[in-house]
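Chains as they are written, first to last, in this note's numbering: chain A, 3 to 246; chain B, 3 to 246. Glycine residues also receive a C-beta, built at the ideal position from the N, C-alpha and C atoms. Heads up: the structure comes next, in structure tokens.
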DNA sequence: GAATGTGAAGAAGTTCACAGCA
DNA sequence: TGCTGTGAACTTCTTCACATTC
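This is the structure:
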């Protein structure tokens, strides 16, 4: 907001920049072996303008070396710390149907700074079952817990994030139960009208939405078709507008 | 670039508007029973500013009635036609592992204007297998075809869109084979560095990226936390910048 | 009276272009 | 010389405010 000088370091990073940081991080990780990159090289690999990249990084302060470039390792630490923090962050997967199971099978969490801390379901034939998941130190087995045990699971793991993979009709209720025990950061794959309780930060990924956007550009190929990528959502949000 | 005036009606719908249309459509569909809505009601349900909504809809021309509101049914048709077209759009699912299977199990496609036209894999124990999927007229069985049969499958179905659900190492090759037979609109769930061949429109959904953005706002709760939603990507794109 | 459609103001984000430092 | 860091221009998106129409 207009107030004064450039956002120095902490706090004032623009939303658009935040949304790009994960991509920078990913490309940087693929750069293992290289120790210094220039903004041009990195920007090229990510697919953004070099000036954009430099401006984005400048919100962290003066992190590069003029005439040289950026230290890859340092950037990784810097961005990673700002996004997820220095430690691995625990999260839950709620709803162990096909989608939840697929999510549990993803092996990229440790590298991204996350770890599956608990699997939750309500179906009697699933609860109690074990499932192999990837961790920093290799595969482990996790038991599927009942939704009723949520308080204990959260208390035991400190998870504040959950992937919501339940069927649409169970979504709202599950969301509220999660919120009640302090799991207030939700990545939902339930596309239907879910409303975030007060205090909950809900991001949602909707397959149908993605397909529709893709279809639009398929239909209208001329229209300055932009380098569009993954969804841009807005969804039901917690943050109230500060009046009008 | 830069050429000229305001986008009049046809063709020139801003990118930001396109990204919101699927959400409007979804809320409108949930409104079954209501026949007229005002911009305030609709905007409230979607979580945007009423003026925003009116401006977005105005790109279609004068589609509401002053003093009254918008006709729900008409809006649904209008938006739906602009996004996916009047007919149901066929697409493929490539890679029938856990994720691909979960995608095949999603029942929301018909309602969103899509239909699964083919399932593809390479594993001998999967190819030939049948799988039940939802269609407009109820569940059907589809056989999983081999990637080598792609030309025939595409020729037979007319699919121009694919969900890419293969393991990372197979991604680039699969992408190129899809491109070669004219499937140039790809929604990828493979997060690792995939480069879109010339002419391919690649959107990608990355779980790790979503989690990292969520984690950021978890860590920095003050920072004007915005009503952020689903991913905003940019990824490897086809569209070349018109020089520099 | 009520709600749309829209020009114009304002905010946010992107890109340029160059000063400054290694 | 080379590449970062950044003010300033520019573009895009959002919101306001009001004339217009039902």
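Does residue 57(B) come within less than 8 angstroms of chain A when only Cβ atoms are used?
Looking up residue 57(B) in the second chain gives position 55. Put simply, the CB of residue 57(B) is far from chain A, with every gap to its CB atoms at 8 angstroms or more.
Since residue 187(A) sits in a beta bridge, which residues does DSSP pair it with?
Taking the first chain and counting its residues from 1, the one referred to as residue 187(A) is at position 185. DSSP, once it has assigned bridges, lists 163(A) and 203(A) as partnering residue 187(A).
Residues of chain B with CB closer than 7 angstroms to the CB of residue 32(A), please, in chain order.
Numbered from its first residue, the first chain carries residue 32(A) at position 30. Ordered by position in chain B, the residues that pass the 7 angstroms Cβ test against residue 32(A) are 195.
Would you say residue 108(B) lies against chain A (beta-carbon separation less than 8 angstroms)?
Along the second chain, read from residue 1 onward, the residue named residue 108(B) stands at position 106. Yes, residue 108(B) lies at the interface with chain A (some Cβ there is under 8 angstroms from its Cβ).
Between the Cα of residue 162(A) and those of 211(A), 153(A) and 145(A), spot the shortest distance and give me the residue it belongs to.
Taking the first residue of the first chain as position 1, residue 162(A) is located at position 160. Comparing Cα-Cα distances from residue 162(A) to each of 211(A), 153(A) and 145(A), the minimum goes to 153(A).
So for residue 197(B), helix, strand or coil by DSSP?
Reading the second chain from its first residue, position 195 is the one you call residue 197(B). The three-state reading of DSSP puts residue 197(B) in coil, since its state is none of H, G, I, E or B.
Under three-state DSSP, which class holds residue 44(B)?
Position 42 of the second chain, counted from the start, is the residue given in the question as residue 44(B). Reduced to three states, the DSSP call for residue 44(B) is helix.
Skipping 5 residues on each side, what residues in its chain have a beta carbon closer than 6 angstroms to that of residue 71(B)?
By one-based count along the second chain, residue 71(B) stands at place 69. These residues qualify, in order along the chain: 38, 39 and 40.
Which same chain residues, not among the five before or five after residue 75(A), have their C-beta less than 8 angstroms away from its C-beta?
One-based indexing of the first chain puts residue 75(A) at position 73. Scanning its chain for C-beta atoms nearer than 8 angstroms, with the 5 sequence neighbours on each side dropped, one finds around residue 75(A) the residues 37, in chain order.
Taking Cβ-Cβ distances below 7 angstroms as the criterion, which residues of the stretch 158–171 of chain A are in contact with chain B?
162 and 163: these are the residues of the stretch 158–171 of chain A whose beta carbon lies less than 7 angstroms from some beta carbon of chain B, given in chain order.
With distances taken from CA atoms, which of 102(B), 30(B), 65(B) and 18(B) is nearest residue 167(B)?
Position 165 of the second chain, counted from the start, is the residue given in the question as residue 167(B). Of 102(B), 30(B), 65(B) and 18(B), the residue nearest in Cα terms is 102(B).
So with CB distances below 8 angstroms, who are the chain A contacts of residue 103(B)?
For the purposes of this step, residue 103(B) is identified with residue 101 of the second chain, where counting begins at 1. Neighbours of residue 103(B) on chain A, chain order: 100 and 104.
Short check: CB of residue 30(A) to CB of residue 85(A), under 8 angstroms?
Your numbering for residue 30(A) matches position 28 in the first chain. Your numbering for residue 85(A) matches position 83 in the first chain. No Cβ-Cβ contact shorter than 8 angstroms links residue 30(A) with residue 85(A).
Using the three-state DSSP reduction, which class does residue 239(A) fall into: helix, strand or coil?
For the purposes of this step, residue 239(A) is taken as the residue at position 237 of the first chain. Confidence in residue 239(A) is poor, its pLDDT being 38 and thus under 50, which makes the residue's placement unreliable; the coordinate value appears in the next sentence. The DSSP-derived three-state label of residue 239(A) is coil.
Look up residue 142(A) in the DSSP assignment and give the residues it is bridged to.
On the first chain, residue 142(A) is found 140 positions in, with the first residue counted as 1. 135(A).
Of all the residues that make up the stretch 113–129 of chain A, which are near chain B by a beta-carbon distance shorter than 9 angstroms?
Taking 9 angstroms as the Cβ-Cβ cut-off against chain B, the residues of the stretch 113–129 of chain A that qualify are 113, 114, 115 and 116.
Whole angstroms are fine: how far does the CA of residue 17(A) sit from the CA of residue 92(B)?
The residue given as residue 92(B) occupies position 90 in the second chain. The residue given as residue 17(A) occupies position 15 in the first chain. Answer to the nearest angstrom: the Cα atoms are 35 angstroms apart.
Can you tell me which residues form a DSSP beta bridge with residue 95(B)?
Residue numbering aside, residue 95(B) sits at position 93 when the second chain is read from its first letter. Residue pairing by DSSP puts residue 95(B) in a beta bridge opposite 121(B) and 165(B).
Is there a C-beta anywhere in chain A that falls below 8 angstroms from the one on residue 20(B)?
Along the second chain, one-based indexing puts residue 20(B) at 18. Cβ-Cβ to chain A under 8 angstroms: yes for residue 20(B).
Minimum Cβ-Cβ distance from residue 220(A) to chain B less than 8 angstroms
Numbered from 1 along the first chain, position 218 holds the residue referred to as residue 220(A). Using a CB distance cut-off of 8 angstroms, residue 220(A) counts as an interface residue toward chain B.
What residues match up with residue 73(B) in a beta bridge as DSSP calls it?
Against the second chain, residue 73(B) aligns to sequence position 71. DSSP, once it has assigned bridges, lists 38(B) as partnering residue 73(B).
Residue 60(A): first and last residue of the uninterrupted alpha helix (DSSP H) it sits in:
Numbered from its first residue, the first chain carries residue 60(A) at position 58. Its alpha helix (DSSP H) spans residues 52–60.
Judging by CA-CA distance, which residue of 106(A), 25(A), 196(A) and 194(A) is the nearest neighbour of residue 146(A)?
Taking the first residue of the first chain as 1, we reach residue 146(A) at position 144. Of the listed residues, the one whose Cα sits closest to residue 146(A) is 106(A).
Identity of the residue in 170(A), 63(A), 205(A) and 148(A) nearest residue 164(A) by Cα
Position 162 of the first chain holds residue 164(A). Of the candidates 170(A), 63(A), 205(A) and 148(A), the one whose C-alpha sits nearest the C-alpha of residue 164(A) is 205(A).
For residue 178(A), would you say it is in contact with chain B, using Cβ-to-Cβ distances shorter than 8 angstroms as the test?
Taking the first residue of the first chain as position 1, residue 178(A) is located at position 176. Any Cβ of chain B closer than 8 angstroms to the Cβ of residue 178(A) would place that residue at the interface, and such an atom is absent.
Alpha carbon of residue 126(B) to alpha carbon of residue 211(B), nearest angstrom:
Taking the first residue of the second chain as position 1, residue 126(B) is located at position 124. Taking the first residue of the second chain as position 1, residue 211(B) is located at position 209. Between residue 126(B) and residue 211(B), the alpha-carbon positions lie close to 33 angstroms from each other.
Is it buried or exposed, residue 130(A), if we count other Cβ atoms within 10 angstroms and call 16 or more buried?
One-based indexing of the first chain puts residue 130(A) at position 128. So residue 130(A) counts as exposed.
Which residues DSSP lists as bridging residue 147(B), in chain order:
Taking the second chain and counting its residues from 1, one reaches residue 147(B) at position 145. The partner list for residue 147(B) (beta bridge, DSSP) reads 122(B).
Counting only the same chain and skipping the five closest in sequence on each side, list residues whose C-beta sits under 6 angstroms from that of residue 183(B).
Looking up residue 183(B) in the second chain gives position 181. Excluding the 5 residues flanking it on each side, residue 183(B) has same chain C-beta neighbours closer than 6 angstroms at 152, 153 and 156, in chain order.
Listing by chain order, which chain A residues have their CB less than 9 angstroms from the CB of residue 28(B)?
As a working note, residue 28(B) is residue 26 in the second chain. Taking a Cβ-Cβ threshold of 9 angstroms, the residues of chain A close to residue 28(B) are 193, 194, 195, 208, 210 and 211, in chain order.
Where does residue 90(B) fall in DSSP's three states?
Taking the second chain and counting its residues from 1, the one referred to as residue 90(B) is at position 88. In the structure shown, residue 90(B) sits in coil (DSSP, three-state: anything other than H, G, I, E or B).
Whose C-alpha, out of 98(B), 139(B), 108(B) and 95(B), is nearest the C-alpha of residue 99(A)?
For the purposes of this step, residue 99(A) is taken as residue 97 along the first chain, with counting starting at 1. With distances taken between Cα atoms, residue 99(A) lies closest to 108(B).
Segment limits, alpha helix (DSSP H) that includes residue 179(A)
Residue 179(A) sits at position 177 when you count from the first residue of the first chain. Looking at the DSSP string, the run of the alpha helix (DSSP H) that includes residue 179(A) is 170–182.
Residue 185(A) and residue 94(A) - do their beta-carbons sit closer together than 8 angstroms?
One-based indexing of the first chain puts residue 94(A) at position 92. One-based indexing of the first chain puts residue 185(A) at position 183. Yes.
Can a CB atom of chain B be found closer than 8 angstroms to the CB of residue 71(A)?
Position 69 of the first chain, counted from the first residue, corresponds to residue 71(A). It does not; no Cβ of chain B falls within 8 angstroms.
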